[in-house]
Amino acid sequence: MIILQVNGLTKSFSGTDLLENVRLEVQHRDRVALVGRNGAGKSTLLKIIAGELSADEGDIIIPKDVRMGYLEQHSGLDSELTIWDEVMTVFAPLREKESRLRTLEHEMSNPAVYEDADRYARVMTEYDELQIEFKEAGGYQFEADARSVLHGMRFYPDDFEKPVHLLSGGQKTRLALARMLLSKPDLLILDEPTNHLDIETLNWLERYLSGYEGAILIVSHDRYFLDKVVTTVYEVSRRKVSRYSGNYSSYLDEKAKNYERDQKLFSQEKDERAKLEEFIQKNIARASTSKMAKSRRKQLERRDWMDSPDGDEKSANFSFSIDRPSGNDVLSLDDVKIGYGEEPVSKNIHLRIYKGDRVAFIGPNGVGKSTLLKTIVKRNELMGGEIRYGTNVQFGYYDQNQATLIGSGTVLQEIWDDWPQMNEKDVRSLLGRFLFTGDDIGKLVSSLSGGEKARLSLAQLMLEKSNTLILDEPTNHLDLDSKEILENALDDFPGTILFVSHDRYFINRIATKVIEMSDDGAVEYLGDYDYFIEKKTEMEEILAATRLEQQLKKPIVKKEVANKENQRHERRLTRSIADLEKKLEAFDEEIETLQAKLLEPELANDHIELMNIQRQIDEIQAVHDEQSEEWLLLQDELENL
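Here the sequence shown is numbered in our numbering, starting from 14 and rising by one per residue.
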C-alpha cells in the first residue's frame, strides 16, 4: 500500500531552484532515508511533505486515513507539565474512553438502572462496545508502552515528575522523540533523530524502529544508524532526487558503480562534442561545407548533453600537520576525579596515552566524557588525582559547541585576528579549502549554520599544527561528505588523537583504543567500536559462565541438605498453589453463575434481588482477589527456589 507519493515537486528560493521535478514514493513499512549534503534541500523536502512549506509545482499525495507524524531537527518540548503528564497527552483519546468506562461501571452499580430495561440495555451495549474499542486501541498497555519508550530515551521513574521546562535542550529533544514514537503515526518523518542521543540510546532506537509497524522517512548523517534501519535511500543532489535500493552501504556501492559508468559516458560525449565543435569551426566559413557545418551546429545545440558526474559541488580539502612531535608518553591519568563545583561526575580514572594513539571515549550522556577532555586541556579544574603531561605535548582543542569561536566579527576576521601575520590572500585561500568562498567570508560568525561553524573551527584547528588533537563530537553538524573528508585528514595525521563521539562509523574508522567511561572509572579496549562490542559480549558470556561454575562448585553435602530442604519446601508450595487454584476456580464458577442470574428476564424489575446478587458477587470477588494475591506470592516464591 502506497502511503506517500511525491510527483514532479519543484521548490525555489529567491528565483533559484533548490528542488526540481522530485519524485519519491513510500509504501507501508518502508524504511526510507534522505541523504545529501547540507543545504541540498533534504529538510525542505520533509517540510513540504509535512505541509509546513508549500511547493511551487508538483503534488504530494497522502491517503486520507494515513496519520503522519513529523519531528523537526532540533525540536524540543516546552511545557509546564511533568514528563509523565506530557507523554500522557498522546493518549488523551484513550484516557477519555477509560474515563467513560469508569462512568458506565459506576452507573451499572446503581440499582435504578435495572428498573429501566431500555436504560439498562443502552448502558450495557455502550459498555461492551467501548470496552472492545479500548482494548483494540491498546488501552490496557499504553502506560507500559510509555514507560518502555521513556526508559529507552533514558528517562526513568524518578524523572517522571520533573517539569518539562526544567529539562536541558538535549533532554527536551529526546522527550519530543519519545512522544512522537508513542503517537505511532502511519508515516513517521524524522529529521536528524540521532542528535543528542548517546550510543546506548541509539542502539535502542535502532531496535525500536526496526520493529515499527508504520513507514519511516528519515534524514540522518549517522551512517551506522542508516545501515541498521533503512532499506531504501533517496539521494538529494543538484536539485534532483535519485533512488537506491538497500541500506546506506549498498547505496554507496551502487553510487560508485553509477559514477564509474557515468564518467565513461561523459568522456565519450565530451570527445563527440569536441569533434563536432572542431568540424563546425573548420567548415562553417567554407562555402562548400558551410551547409553541412550549420547542420552539425543545430545538432550540437539540440542535443541534451550529459552534465559532468562531478557536478559543481565542491568538497572541503584539508589536512592536519604538526610543528614538532611529542614524546612517546603523552598523558598519564592517575586516580583522576572530574566534575563541576563539588559534585564529581566520574572518578577513579586511570589511563596511559602514548604517541600515535587514537582514543575514543564513549559512555552514556552525563558520565563526564566532554568534562574529561576539558579537564585535560585545563578548561576545567581537576577535582582530584593527577594528570601528567609528556614532553612537547601541544593540544589542539575542538569544542562541540564551537565555544572557541569569538563570533563577534566576520569569517575572515575570525581567522585573521588569531593569525595576524597571514596576508589576506592566504587567509582567503585557506577559507576556500573549507568551502568559504566569495561573499561567505564576509558573513558574521554569529549568523553561520552549525555546519559552517564546524568547518571554521576545523580551519582554526588546522592552523594550530598541534601534535595532540582533543576533539569533542567533531562530526556533529557535518554532512556525510564532510565527515569523510575529516576522516581522511585524521587518518593521515601523524600525532595523537583523543575524541568523544557518538558516531559509531567514525569511531570504527579512527579509533585504535576505546575507553568506556562510567561514574566510577574507565575501562580500556584495544580496538575499534566493533571490537569493543565483541569484547563486551564475550565478557558478559564469561561472567555468566563463571557464576554458573561457582554455583556448581558449592560443597556437595551442604548442597544435598539444601536440596532436600528445597524439595520439601517446593512440595509444600506446590500443594498450597494447587489448593488455591481449586478455590479460585470454584470462585470463578460461582461468580459466573451469579452474573448469569443478573441477566435473567424475570429479575429485571426485582431490584432488591438484583442488589442482593450483586452484593454476593462483590463479596466473593473480594475473597477471590485476596486468594489471587496469595497465589501470586506463592508462585513467585516457587520460581525463586
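All C-beta atoms, glycine included, are put in the ideal place defined by N, C-alpha and C.
Query raised in the report: According to the Cβ coordinates, are residue 493 and residue 48 closer than 9 Å?
Result: Indexing the sequence shown from 1 puts residue 493 at position 480. Indexing the sequence shown from 1 puts residue 48 at position 35. Contact: yes.
Practice prompt. Please state if the CB of residue 264 and the CB of residue 9 are separated by a distance shorter than 9 Å.
Written response: Only positions 14 to 654 of the chain appear in the structure, and residue 9 is not among them; the question remains open.
- Out of 58, 402, 321 and 229, state which residue places its alpha-carbon closest to the alpha-carbon of residue 254. As a first step, residue 254 must be located in the sequence shown, where it is residue number 241. It is 58 whose Cα lies nearest to the Cα of residue 254.
For residue 235, is the classification buried or exposed, using 16 other Cβ atoms within 10 angstroms of its Cβ as the cut-off for buried? To locate residue 235, count along the sequence shown from 1; it is residue 222. When all chains shown are included, residue 235 counts as buried.
**Message:** With a threshold of 6 Å on Cβ separation, who are the neighbours of residue 474 within its own chain once the five nearest residues in sequence on each side are excluded?
**Reply:** Position 461 of the sequence shown holds residue 474. Same-chain partners within the cutoff: 409 and 411.
message: Quick check on DSSP: helix, strand or coil for residue 484?
response: Translated into positions along the sequence shown, residue 484 becomes position 471. Per DSSP, reduced to three states, the secondary structure at residue 484 is strand.
#### Entry: CA-to-CA distance, residue 184 to residue 78, given in whole angstroms
Taking the first residue of the sequence shown as position 1, residue 78 is located at position 65. Taking the first residue of the sequence shown as position 1, residue 184 is located at position 171. When rounded, the distance between both Cα atoms is 32 Å.
Worksheet entry | N- and C-terminal bounds of the beta strand (DSSP E) containing residue 357 | The residue given as residue 357 occupies position 344 in the sequence shown. Start and end: 356-367.
Notebook entry, point to check: Given a threshold of 16 other Cβ atoms within 10 Å of its Cβ, counted over all protein chains shown, does residue 468 qualify as buried or as exposed?
Noted result: Translated into positions along the sequence shown, residue 468 becomes position 455. With a threshold of 16 other beta carbon atoms within 10 Å, residue 468 meets it and is buried.
For a test of the three-state rule: what should DSSP assign to residue 531, helix, strand or coil? On the sequence shown, position 518 is the one that residue 531 refers to. Reduced to three states, the DSSP call for residue 531 is strand.
query: Under a Cβ-count criterion, where at least 16 other Cβ atoms within 10 Å of its own Cβ denotes burial, should residue 569 be classed as buried or exposed?
result: Translated into the one-based positions of the sequence shown, residue 569 becomes position 556. Low per-residue confidence applies at residue 569: pLDDT is 49, beneath 50, and the placement is therefore not dependable, though the value from the model is reported in the following sentence. Classification for residue 569: exposed.
- Message: Short of 7 Å in beta carbon distance, which residues of its chain neighbour residue 302, apart from the five on each side in sequence? Order them along the chain.
- Response: As a working note, residue 302 is residue 289 in the sequence shown. Cβ-Cβ distances below 7 Å link residue 302 to 296 in the same chain, with the five nearest sequence neighbours on each side left out; the list follows chain order.
Review point. Between 584, 490 and 459, which lies nearest to residue 51 when the distance is taken from Cα to Cα?
Key: Within the sequence shown, the letter at position 38 stands for residue 51. Comparing Cα-Cα distances from residue 51 to each of 584, 490 and 459, the minimum goes to 490.
Where does residue 512 sit, in a helix, a strand or coil, going by DSSP? Counting from one through the sequence shown, the residue named residue 512 turns up at place 499. Residue state, collapsed to three classes: strand.
Euclidean distance between Cα positions of residue 458 and residue 464: Your numbering for residue 458 matches position 445 in the sequence shown. Your numbering for residue 464 matches position 451 in the sequence shown. About 12 Å.
Exercise. Quick one: give me the first and last residue of the alpha helix (DSSP H) that residue 184 is part of.
Key: The residue you call residue 184 lines up with position 171 of the sequence shown. Its alpha helix (DSSP H) spans residues 182-196.
| said: Can you tell me where the beta strand (DSSP E) holding residue 44 begins and where it ends? | reply: Working through the sequence shown from its first residue, we reach residue 44 at position 31. Bounds of the beta strand (DSSP E) holding residue 44 are 44-48.
Tell me, please, which residues DSSP counts as bridged to residue 375. For this step, residue 375 is matched to residue 362 along the sequence shown. Bridge partners of residue 375: 529.
Residue 24 and residue 54 closer than 9 Å at C-beta: Here residue 24 corresponds to residue number 11 of the sequence shown, with the count starting at 1. Here residue 54 corresponds to residue number 41 of the sequence shown, with the count starting at 1. Cβ atoms of residue 24 and residue 54: closer than 9 Å.
Please report the straight-line C-alpha distance between residue 14 and residue 35, rounded to a whole angstrom. The sequence position of residue 14 within the sequence shown is 1, counting from 1. The sequence position of residue 35 within the sequence shown is 22, counting from 1. Note on geometry: alpha-carbon atoms of residue 14 and residue 35 lie some 21 Å from one another.
| query | Going by DSSP, which residues form a beta bridge with residue 23? | reply | Numbered from 1 along the sequence shown, position 10 holds the residue referred to as residue 23. Beta bridge pairing from DSSP links residue 23 with 70.
* Asked: What's the gap between the Cα of residue 186 and the Cα of residue 203?
  -> What you label residue 186 is simply residue 173 of the sequence shown in a count that begins at 1. What you label residue 203 is simply residue 190 of the sequence shown in a count that begins at 1. Approximately 12 Å between the Cα atoms of the pair.
**OP:** Apply the 10 Å Cβ neighbour rule to residue 519 and answer buried if 16 or more other Cβ atoms are within range, or exposed otherwise.
**Re:** What you label residue 519 is simply residue 506 of the sequence shown in a count that begins at 1. That one is buried.
So is residue 636 buried or exposed if we call it buried at 16+ other beta carbons inside 10 Å?
In the sequence shown, the residue the question calls residue 636 occupies position 623. Exposed.
_I need the boundaries of the beta strand (DSSP E) containing residue 616, first residue and last residue._
Counting from 1 along the sequence shown, the entry for residue 616 is found at position 603. Element bounds for residue 616: n/a, residue is neither H nor E.
Quiz item: Just to confirm, are residue 403 and residue 482 a CB contact at a threshold of 9 Å?
Solution: Here residue 403 corresponds to residue number 390 of the sequence shown, with the count starting at 1. Here residue 482 corresponds to residue number 469 of the sequence shown, with the count starting at 1. Using a Cβ distance threshold of 9 Å, residue 403 and residue 482 do not count as a contacting pair.
> What are the residues that DSSP puts in a beta bridge with residue 77?
Replying inline: For the purposes of this step, residue 77 is identified with residue 64 of the sequence shown, where counting begins at 1. Beta-bridge pairing links residue 77 to no other residue.
Any idea what DSSP makes of residue 490, helix, strand or coil? Translated into the one-based positions of the sequence shown, residue 490 becomes position 477. The answer is coil: DSSP assigns residue 490 none of H, G, I, E or B.
- prompt: residue 31: which of 69, 19, 40 and 37 sits nearest, CA to CA?
  reply: By 1-based counting over the sequence shown, the position of residue 31 is 18. Ranking 69, 19, 40 and 37 by Cα distance to residue 31 puts 69 first.
Item to complete: Identify which residue in 335, 327, 396 and 377 has its Cα closest to the Cα of residue 355.
Response: On the sequence shown, position 342 is the one that residue 355 refers to. Proximity to residue 355 across 335, 327, 396 and 377 peaks at 396, based on C-alpha coordinates.
Start-to-end residues for the beta strand (DSSP E) that takes in residue 273: Within the sequence shown, residue 273 is the residue found at index 260, counting from 1. Premise fails: residue 273 lies in the alpha helix (DSSP H), 261-296, not in any beta strand (DSSP E).
Worksheet item: Does DSSP put residue 625 in a helix, in a strand, or in coil?
Response: In the sequence shown, the residue the question calls residue 625 occupies position 612. Per DSSP, reduced to three states, the secondary structure at residue 625 is helical.
Inset, instruction - Check whether the Cβ atoms of residue 640 and residue 593 sit closer than 9 Å, and answer yes or no. - result: Against the sequence shown, residue 640 aligns to sequence position 627. Against the sequence shown, residue 593 aligns to sequence position 580. For residue 640 and residue 593, yes; Cβs fall inside 9 Å.
Beta-carbon proximity check, residue 360 vs residue 415, cutoff 9 Å = As a first step, residue 360 must be located in the sequence shown, where it is residue number 347. As a first step, residue 415 must be located in the sequence shown, where it is residue number 402. Contact flag unset, no.
- Excluding sequence positions up to five away, which residues of its chain have a Cβ less than 8 Å from the Cβ of residue 647? Your numbering for residue 647 matches position 634 in the sequence shown. Hits under 8 Å: 586, 589, 590 and 593.
Exercise for review: Check whether the region 367-383 touches the region 518-536, counting contact only when three or more Cβ pairs, one atom from each stretch, lie closer than 8 Å.
Suggested key: The answer is yes - the region 518-536 touches the region 367-383, with three or more Cβ pairs under 8 Å.
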